[in-house]
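Residue numbers (the numbering used here): 613 to 842.
Glycine residues also receive a C-beta, built at the ideal position from the N, C-alpha and C atoms.
Encoded structure:
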């Protein structure tokens with residue numbers, strides 16, 4: 613359920629007790645939050661919007677680490693947006709799917725505010741992160757050096773074979789000759805098939821022309837016989 617008002621008070625207290633509600637203090641150098649595990653909230657009401665109410669909205673998506681509503685320093689009122697950070701990255705996907713099917717709404721008094729949800733991390737950053745994961749999975753810098761060595765060796769070998777410095781092995785020669793023969797056979801077969809289709813089409817056209825000519829001759833003969841009778 614998206615509306616926090618539909619949840620009973622006892623259930624709300626249990627959720628808040630089980631969740632890690634800790635006062636978070638950020639240093640002046642920068643906040644310690646992970647954008648890959650967090651979602652962006654828009655259209656948050658400026659007043660009477662608490663972190664607990666938003667925590668209750670997204671408790672079904674997964675375990676929540678912290679909720680941050682951005683407020684003005686002087687007045688203390690909200691700026692209309694905030695962030696929810698989950699423990700797992702999978703819960704971000706579930707929250708986005710929930711927002712697509714039925715967007716969550718905050719009930720404050722008699723007014724209902726429909727929240728706008730987006731992934732905090734941009735798609736380009738996600739691509740970079742996935743690339744880095746793959747790179748580290750393949751062995752990092754050491755793996756890259758090994759791959760580069762292999763690629764350079766292959767490139768050098770090809771150049772030497774083309775220039776005539778090195779002669780290819782029997783296996784390489786046989787494989788190349790086989791590929792060339794296969795290609796030539798394919799070309800010949802395609803040419804034969806095209807010729808056969810053309811000849812067949814020509815034969816069909818000739819037969820049709822002959823049939824038309826015989827029909828015309830029969831009609832003319834019939835007309836002549838009718839005139840002679842008259």
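To which residues does DSSP link residue i through a beta bridge?
i	result
residue 653	694, 729
residue 723	720
Roughly how many angstroms lie between the CA atoms of residue i and residue j, to the nearest whole one?
i	j	result
residue 648	residue 689	27 Å
residue 728	residue 679	15 Å
residue 778	residue 772	5 Å
residue 693	residue 745	31 Å
residue 730	residue 673	14 Å
residue 800	residue 829	44 Å
residue 657	residue 723	10 Å
residue 837	residue 818	29 Å
residue 798	residue 767	29 Å
residue 686	residue 659	14 Å
residue 700	residue 739	18 Å
residue 742	residue 719	38 Å
residue 833	residue 805	43 Å
residue 765	residue 750	20 Å
residue 826	residue 820	10 Å
residue 711	residue 752	37 Å
residue 776	residue 795	24 Å
residue 774	residue 759	23 Å
residue 816	residue 822	10 Å
residue 732	residue 709	15 Å
If residue i and residue j are in contact, beta carbons under 8 Å, what's the gap, nearest whole angstrom?
i	j	result
residue 651	residue 707	5 Å
residue 676	residue 696	6 Å
residue 668	residue 716	Contact doesn't hold; Cβ gap of about 10 Å is too wide.
Between which two residues does the alpha helix (DSSP H) harbouring residue i extend?
i	result
residue 663	663-669
residue 679	Unbroken run through residue 679 is the beta strand (DSSP E), 676-683; no alpha helix (DSSP H).
residue 709	702-713
Kindly indicate the opening and closing residues of the beta strand (DSSP E) around residue i.
i	result
residue 777	Note, residue 777: premise wrong, no beta strand (DSSP E); not H, not E.
Kindly say whether residue i, judged by its beta-carbon, lies nearer than 7 Å to any beta-carbon of chain C.
i	result
residue 838	No chain C appears in the structure shown, which is made up of a single protein chain.
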